[in-house]
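Inspection log for the structure reproduced underneath, given as structure tokens.
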Amino acid sequence: MAEIYPKIGAHVSASGDIAQAPLRAHEIGLECFQFFSRSPQGGPAKPITEKLIKDFIAGCRRYEMESYIHAPYYINLASAKNNVYYGSISVIREELERGSMLGAKYLMAHLGSAKELGGKEGIKKSIEGLIKILDGYKGKTEFLIEMSAGAGAIIGDTFEEIAKIINSAKLKKFNIGICFDTCHGFASGYDLRDAKSVKGTFKQFDKMLGLKKLKLIHANDCASEFGSHKDRHAHIGAGNIGLAGFEAITDLAKKRKINLILETPHDALLKQDIKLLKGMRNMKK
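Below you can see the structure in the form of structure tokens.
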């Protein structure tokens, strides 16, 4: 039987016991899931024990779902502060290794803010940091750059800027992929409100980055205005992208075999989001 795409997932809590994350995902009707393997706000990571690895992988197999890790929020590879810069390098490499032990397919991260150094220097430092992270890495979890909304000199809010980073001479060999967040992209000025807009945006993506680099989509409607650079997630159809936009995004994901991850609040509306995306996936074109 052929696999169904896109699989519909969401960010789930891994607090208390990471091994419970697959069950939590299954209980709300997910087909894949994203989680934090450590506190997103800081502090030491809980050790990955052999039992935890065994239980987590068994849970993913039982419910037949892929897992993805989101890096902590405090990452900044463009920081002028050495403790922040080298700490970010260390944490991302550690998360890649942890992801490999847990069988996670992807680790996605925002690169940080260049407000201290300026855009040019911030990009240069981010490239150097990514080289330090990926040099000698032999694990199976793939690193993805997540597109940002661009507020506060955040790096990675345009296709051109991401291309400049991943296609730089020393980084190109690592074949870094992209996680496209619909809310961030829309807030950054990439229109997604209807089929024509979605087609045009991803035509630009293909021209600048190549669609083969698109590995995962964060499916979030946007509560802020188009091109506002404000990162405000909304439930599907409740923001400025709207249902027609998500029908086209889901169709693209179906054709490209790319899974969708919701990052909307965990309440009754999340279940509605899941139902909506599954319905869009099953629409006959």
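When the count follows the working numbering, it moves up by one through the sequence shown with no breaks and lands on 390 for the last residue. Built from N, CA and C at the ideal position, the CB exists for glycine as well. Keep in mind that this is a model prediction, so the values were computed, not measured.
C-beta contact flag for GLU247 and LYS210 at 9 Å: For the purposes of this step, residue 247 is identified with residue 142 of the sequence shown, where counting begins at 1. For the purposes of this step, residue 210 is identified with residue 105 of the sequence shown, where counting begins at 1. Yes, Cβ-Cβ distance for GLU247 and LYS210 is below 9 Å.
Distance between VAL117 and GLY223 (C-alpha atoms, nearest Å): Position 118 of the sequence shown, counted from the first residue, corresponds to residue 223. Position 12 of the sequence shown, counted from the first residue, corresponds to residue 117. Going by the C-alpha atoms only, they are around 35 Å apart.
Rounded straight-line distance, which links the Cα of MET170 to that of PRO127: Here residue 127 corresponds to residue number 22 of the sequence shown, with the count starting at 1. Here residue 170 corresponds to residue number 65 of the sequence shown, with the count starting at 1. Using only the alpha carbons, I get a separation of about 8 Å.
HIS371, DSSP secondary structure in three states: Locating residue 371 in the sequence shown gives position 266, counting from the first residue. Three-state DSSP puts HIS371 in coil, outside helix and strand.
Endpoints, the beta strand (DSSP E) within which HIS340 is located: If you number the sequence shown from 1, residue 340 lands on position 235. Per DSSP, HIS340 belongs to no beta strand (DSSP E) and is neither H nor E.
Simplified DSSP state of LEU276, which is helix, strand or coil: Here residue 276 is taken as the residue at index 171 of the sequence shown, counted from 1. Coil at LEU276, not helix or strand.
Beta-carbon spacing of LEU201, ILE232 below 9 Å: Here residue 201 refers to the residue found at position 96 when the sequence shown is read from its first residue. Here residue 232 refers to the residue found at position 127 when the sequence shown is read from its first residue. Taking 9 Å as the Cβ cut-off, LEU201 and ILE232 do not qualify as a contacting pair.
The stretch 312–321 contacting the stretch 271–289, beta-carbon criterion three pairs below 8 Å: In this structure the stretch 312–321 lies against the stretch 271–289, because at least three pairs of beta carbons, one per stretch, are closer than 8 Å.
Coarse secondary structure for SER144, derived from DSSP in three states: As a position in the sequence shown, residue 144 is number 39, starting the count at 1. In the structure shown, SER144 sits in coil (DSSP, three-state: anything other than H, G, I, E or B).
Integer Cβ distance of LYS269 from ILE228, believed to fall under 8 Å: In the sequence shown, residue 269 corresponds to position 164, counting from 1. In the sequence shown, residue 228 corresponds to position 123, counting from 1. About 6 Å separates the two Cβ atoms, so the contact holds.
Whole-angstrom C-beta distance between GLY114 and PHE138, which should lie under 8 Å: In the sequence shown, the residue the question calls residue 138 occupies position 33. In the sequence shown, the residue the question calls residue 114 occupies position 9. At roughly 5 Å, the Cβ-Cβ gap stays under 8 Å, so PHE138 and GLY114 are in contact.
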